[in-house]
Structures are given as C-alpha cells and as structure tokens.
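Novice:
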Amino acid sequence: MTAAAQAQTPSRSALDLGQAVELVSKEEGHRQPLAPEFVSLEDFSPLEVAYDFGRITRAEIEAGPRSIWRYKKLLPVPSSVDRIANTEPGCTRLLRADNLAKALGVKQIWIKDDTGNPTHSFKDRVVAVALAAAREFGFKLLACPSTGNLANAVASAASRAGWDSVVLVPKTLEQAKIMMTAVYDGSLLAVDGNYDDVNRLATELAGEHEDWAFVNVNVRPYYSEGSKTLAFEVAEQLGWRLPEQIVVPIASGSQLTKVHKGFNELGEVGLVEPSPVRICGAQAAGCSPVSTAFKEGTDVVQPQRPETIARSLAIGAPADGPYVLDTVHKTGGVVEDVTDEEVVEGIRLLARTEGIFAETAGGVTVANAKKMFESGQLDPDQETVLLITGDGLKTMDAVTEHVGPKATVAPNTEAVDAALGL
Ligand SMILES: Cc1ncc(COP(=O)(O)O)c(C=O)c1O
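Residue numbers for the sequence shown follow this note's numbering, so the first one is 1 and each next one is one higher.
Below, the structure is given as structure tokens:
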C-alpha cells in the first residue's frame, strides 16, 4: 500500500466494508488489503474486490429496503449503509416488452428501465457504492471525470452527503447534462478536450489530491461493484433466475463486466440456480473500439477518436475493453455497433412500442439488439434483457430534428379534426 492510501485507510478493525475482504489484481490474482487503490503494483492490472460472502438468503434480501442496499451483503459497503444519507438508487422497473418483441419478431424481451434512478441513469448505483466506501476510507470530497451521467450522479450524491464535489466534463457535453450537474452547486469544470483528455487530467489530479475520492479512478474497485446490482435486480425480478441473453451498452466497459460478475456471484452463493447468460455489448459506430477489436478477432483494443451523438458512451480508450472481450467470448456473446441514424431509430422504436424515452445510450442498446436479432447473433427464441441505462430528457437534441407536433392548430374541434384527417 502506498503512503497516500495508508493516510486514507482507517485501521483495519475500524474499516467496515461488509463481506469484502481484499483487493485482487485481475491479471494474476495478486492480493492486497482493502484501500483506495485501483492498480496492482505487482502486475499493473486493475484491482477488483474479493469477498467472503458466508450465508445470504433470498428471504433476508426480500425483507431489505427497496433500493440497492437490499444487496448490501454482496457489496463493499458497511452493514449500516442503509441508515446513512446516500442516494438510495435501484429497484427500478423490469418491464415485459411484448410490443417491442413483436416489432422485432422475437419471443421475449425484458427492459431493465434505469431511467427511474434519482438522477435518471444507472450511474446512481455505482456512485452510491463509491460514496459508501469512500466514507469508510475517510474521504470528504467526491470527484470524477465524466461523459455526463456520472457527473449528475456524483454532484447529487455529494450534496446529499454534505460533501464538496469536483466534476470534470468535456465542454461539448449536452446542455441538459451540464445543468443537471451544476444545479447541485459543487465545482463543475468544463474541460476543453474530449473525454479521454478529461480522464487523463483526472488521473493526474488524483495523484496530486490524495484526499479526493475520484469515484472512477482511486475508488474504482468499489464504484464498479455497484453495476452488479443491475444483475441482482434482474434475477430477483425474474423470480430468482437468470435470463438467457442480455445486451449492455459499453463506454469504459465496467458495467458489462460487472453484470457478468453479479450473475456469477448469485450462483456462487446459491441465490439462483447457475445457468449460462450470453452477454452482448453495444456501441455506437462513431466510438466502437471494443466492437472493432471483437470483429477483428483481436484482444487488443485500439483507441479511437469519438464522433457520435451517443456522448455518454464516447470513451475512445475504454479501461475495461479487454475484459469486455474476455467476458463476451466466455459467454458466447458478441459486440456490435450501430450508426447514429440507427441510434435515433432505436430511441424512437422503444418510445413507440413501450412508452419509454431513453437517452442515446438506450438507443444504442435497442438498435444493436435489433441488428443482433436480424443477423442471428442473438437467438430470437431466447429470453433477452435490454439494459436501458439513461433518460431521454438528458439528450433531447438527438431527437429534436426528428419528432415534434403533427400540426399547430386553432383552438376549435374542426381544426383538430382537419389536422388528424378525420
Ligand atoms: C447511460 C450510460 N449507459 C452506459 C454507460 C456505460 O458505462 P461503462 O463505462 O461502465 O461501460 C454509460 C457511461 O457513462 C452511461 O452514461
């Protein structure tokens, strides 16, 4: 452990991160004590949380709060987490999407609708876990580089905790995401560069400000565990069983790998009967480093310069790219990409068929699922879950050119009838 990490680490007996016991390096499995560190100094690979789960029953989870804290025994958070101010995300809807399934000519689709989280994206899940762990390590300031949704979640969670926040975003971000961060009154900085520039800057800042908890840098091993709760909820909402296929949007790739880890852990602790889940990744063609590597059959993810309307997914050098490829290969899945036009069609198809307005990342998921069914990469006879991870109100500019009132009419019935062709 570095001196900096030691300064942020209470004595081991005071540290309560639930059933989490150690950090383990992803490449060679080197073990080290729990600390705010994200790279193994032994093999330079990312660190991941390891647990000693003990006994966990469905009944105790079902008796828990209606938030991700019902799964606290499967997360690196203190046992008292549900009694401390945080954002209480999770327990979002899992909808049977029969209209969408019919439109695509497939048997069964479920939508995991994470637009219902406190700041309207799945990022509330990862930030809530990061905040809980950061508090245990003695931090008092939450920070992040972000493509938008994380900025919203970090600024909101810091305010709720009574902490300061420092949030760095590319200056080209959608206006809604900038306002939805600024309103919480932390320090929001718009950086003159793309996300990869912002991320590099944050990594440098994390080295200089060791008392800042950068949720997706020095606290990343804890933060990323929050994405497992998507898998936990899907399984519980299906009646404690796993789906056969799932489509997950990819930016850094963390979510996809952790959804897989979540399904596996449910099997390990006996909460579900283990069964294979084909994990598929979705990208936009204008930022498709992982799908390009997948299609070229290599495990080397070459960085790209992003150019897409799916700005929340615009990470040209995804930290977990190689682990996404590994997960997808192991589970028999694929990684695909779609054009920006298809992203808009995906948003509109979901809205038209299921009444859900997703942000561009959701359009990426739906459009990729359509493409994967059409090409036979997804099995139309298997039960499929689509992760809709953010709200369309955040990316209105993607659809403003394409939708609007049918007509502007005078306030009388004849005008309405005429406009509707009645
Ligand atoms: C709405 C939305 N979905 C999915 C993702 C992908 O997350 P990850 O970086 O874990 O791959 C992001 C990332 O910012 C996002 O904002």
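A virtual CB, placed ideally from N, CA and C, is assigned to each residue, including glycine.
(1) For a minimum of 3 consecutive residues, which ranges assigned as the beta strand (DSSP E) are wholly contained in the stretch 136-161?
(2) Restricting to Cα atoms, I'd like to know which of 263, 168, 224 is closest to residue 191.
(3) Is residue 149 near ligand 1 - that is, is its Cβ less than 7 Å away from at least one heavy atom of it?
(4) Going by beta carbon distance, what residues of the same chain come within less than 7 Å of residue 237, once the five residues before and after it are set aside?
(5) Please state the DSSP three-state secondary structure of residue 309.
(6) Give the DSSP bridge partners of residue 191, in chain order.
(7) Give a yes or no on whether the C-beta atoms belonging to residue 326 and residue 283 are separated by under 8 Å.
(8) At what residue ranges does the stretch 323-392 contain a whole run of the alpha helix (DSSP H), taking only runs of 4 or more?
(9) Pick from 34, 322, 270: whose alpha carbon is nearest that of residue 137?
(10) Can you list the alpha helix (DSSP H) stretches of 4 or more residues lying completely in the stretch 224-268, in chain order?
(11) Note down, in chain order, each residue of its chain lying with its Cβ closer than 7 Å to the Cβ of residue 345, except the 5 sequence neighbours on either side.
(12) Who does residue 111 pair with in a DSSP beta bridge?
(13) Just to confirm the assignment, what range does the alpha helix (DSSP H) spanning residue 61 have?
(14) My output table needs one value for residue 55: the three-state DSSP class, helix, strand or coil.
(15) Look at the alpha carbon of residue 50 and the alpha carbon of residue 120, and state the distance between them as a whole number of angstroms.
(16) Taking residue 279 as part of the alpha helix (DSSP H), name the residues at either end of that continuous run.
(17) Output yes or no for whether 8 Å exceeds the beta carbon distance between residue 174 and residue 228.
(18) Among the candidates 106, 375, 160, 398, whose CA atom is the shortest distance from the CA of residue 382?
(19) Counting only the same chain and skipping the five closest in sequence on each side, list residues whose C-beta sits under 6 Å from that of residue 258.
(20) Is residue 313 near residue 250, with beta carbons less than 8 Å apart?
(21) Taking all protein chains shown into account, do 16 or more other C-beta atoms lie within 10 angstroms of the C-beta of residue 46, making it buried, or fewer, making it exposed?
(22) Pairing CB atoms from the stretch 316-323 with CB atoms from the stretch 267-279, are three or more of them under 8 Å?
(23) Have a look at residue 57 and residue 364 and give me their C-alpha separation to the nearest angstrom.
Specialist: In short:
(1) Runs of the beta strand (DSSP E) inside the stretch 136-161: 141-145.
(2) 168
(3) Yes, ligand 1 has a heavy atom inside 7 Å of this Cβ.
(4) If we look at residue 237 and ignore the five residues flanking it on each side, its Cβ neighbours are 94.
(5) DSSP places residue 309 in coil when its eight states are reduced to three.
(6) 170
(7) no
(8) Qualifying alpha helix (DSSP H) stretches, in chain order: 340-354, 360-375.
(9) 34
(10) Runs found: 228-237, 254-268.
(11) 367
(12) 95, 386
(13) 58-62
(14) coil
(15) 29 Å
(16) No alpha helix (DSSP H) contains residue 279, which is instead part of the beta strand (DSSP E) from 278-284.
(17) no
(18) 106
(19) Shown here for residue 258: same chain residues with a beta carbon closer than 6 Å to its own, the five before and five after excluded, namely 224, 227, 228 in chain order.
(20) In this structure, residue 250 lies closer than 8 Å to residue 313 by Cβ.
(21) buried
(22) no
(23) About 36 Å.
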